[in-house]
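For the sequence shown, the UniProt record's numbering gives the first residue as 1, with consecutive numbering after it.
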Amino acid sequence: MNIDLTGTGTEKLWGDPEQTVKDIQAEILETINLPSTAGMGPNMLMELCNKKVLYCISYYL
1 MNIDLTGTGT EKLWGDPEQT VKDIQAEILE TINLPSTAGM GPNMLMELCN
51 KKVLYCISYY L
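So this is what it looks like as structure tokens:
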């Protein structure tokens, strides 16, 4: 899933993008008991790359 948290009103509506991602992940975990990963970046390619790196790091920990 891709959520674009950029724009003029998005931060006013949802708050800090990093905190918003953490809130969404917490809601997913609480609701369906499923951990999730998230990537953030200035564009979709960087977002996907960051997500893959986070997944690999958590897999090996």
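Just so it is clear, CB atoms sit at the ideal spot from N, CA and C, and this is done for glycine as well.
| Item | Value |
| --- | --- |
| Which residues bound the alpha helix (DSSP H) around threonine 20? | 17-32 |
| Roughly how many angstroms lie between the CA atoms of lysine 22 and asparagine 33, to the nearest whole one? | 15 Å |
| Taking just the CA atoms, how far does threonine 20 sit from leucine 13? | 10 Å |
| Return the first residue and the last residue of the alpha helix (DSSP H) that threonine 10 is part of. | 10-14 |
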